[in-house]
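Reading through the structure tokens given below for one structure.
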Amino acid sequence: MVRGLLVVALLGGALPVLVVAAGADPPAGDWSALRGCESSGRYDVVATNGHFGAYQFDLPTWRSVGGTGFPSTASPAEQDYRALILYRQRGYGFTGTGCYGAKTATAVLDLQRANGITTSGLLGPKTWAAAWTGTAPTRQVPHP
-10 MVRGLLVVAL LGGALPVLVV AAGADPPAGD WSALRGCESS GRYDVVATNG HFGAYQFDLP
50 TWRSVGGTGF PSTASPAEQD YRALILYRQR GYGFTGTGCY GAKTATAVLD LQRANGITTS
110 GLLGPKTWAA AWTGTAPTRQ VPHP
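Residue numbers for the sequence shown follow the numbering used here, so the first one is -10 and each next one is one higher.
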């Protein structure tokens, strides 16, 4: 029961971003959620780690999709277009970003503790595997 609730909690944060018809481009709401997670929705952001713009492109990736200059100085339409090209090249897969609500963050931390995983709160490969095959946390995951 706890494991089932945990998997639901973990997927609950990802599903709004993942639910896309096969072969279709992601809907506008998904792009907005992605921008919100990557850059707080700011197209002009420059991160200290060498990533730029609303989708946090690094320069080699930006250039690989035809971008010129810096993503953070490109128009919103240009950044959206380059992100769409990247999506069409690489697909629309989920990788843990840590962008989810407090209940899911608590569930992730509980799962990491129960399985001896460094407690980062991030949904990385070890945590994801533990959600399916690891030891369930002893405390109940709260219902939404």
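Cβ atoms here follow ideal geometry from the backbone N, Cα and C, with glycine treated the same way.
These numbers come from a predicted model, not from an experiment.
{"Query": "Return the Cβ separation of Gly42 and Ala63 in integer angstroms, given the expectation that the two are a contact with Cβ distance under 8 Å.", "Result": "7 Å"}
{"Query": "Does Thr93 pass the burial test, meaning 16 or more other C-beta atoms within 10 Å, or should it be called exposed?", "Result": "buried"}
{"Query": "Which same chain residues, not among the five before or five after Arg24, have their C-beta less than 6 Å away from its C-beta?", "Result": "Gly30, Ala43"}
{"Query": "If I follow the unbroken alpha helix (DSSP H) through Ile74, where does it start and stop?", "Result": "65 to 79"}
{"Query": "Looking at the structure shown, is Val54 part of a helix, part of a strand, or coil, going by DSSP?", "Result": "coil"}
{"Query": "Run the CB neighbour count on Trp51, radius 10 Å, all protein chains shown included, and call it buried at 16 or more, exposed below.", "Result": "buried"}
{"Query": "Could you tell me if Ala72 is buried or exposed, where buried requires 16 or more neighbouring beta carbons within 10 angstroms of its beta carbon?", "Result": "buried"}
{"Query": "Spatial neighbours of His40 within its chain, please: CB distance less than 7 Å, with the 5 preceding and 5 following residues excluded, ordered by chain position.", "Result": "Phe46, Asp47"}
{"Query": "Just to check my reading of the structure: Gly123 and Asn104 have Cβ atoms closer than 8 Å, yes? What is that Cβ distance to the nearest angstrom?", "Result": "4 Å"}
{"Query": "Among residues of its own chain, excluding the 5 on either side of Ala36, which ones have a beta-carbon nearer than 7 Å to its beta-carbon?", "Result": "Gln45"}
{"Query": "So Leu100 packs on Ala120, CB below 8 Å; how close in whole Å?", "Result": "6 Å"}
{"Query": "Determine the extent of the alpha helix (DSSP H) in which Thr95 is found, giving its start and end residues.", "Result": "91 to 103"}
{"Query": "Might you give, ordered along the chain, the residues of its own chain that have their beta carbon closer than 7 Å to the beta carbon of Asp33, omitting 5 neighbours on each side?", "Result": "Ser61"}
{"Query": "Can you have a look at Ala17 and say buried or exposed, based on whether 16 or more other CB atoms are within 10 angstroms of its CB?", "Result": "exposed"}
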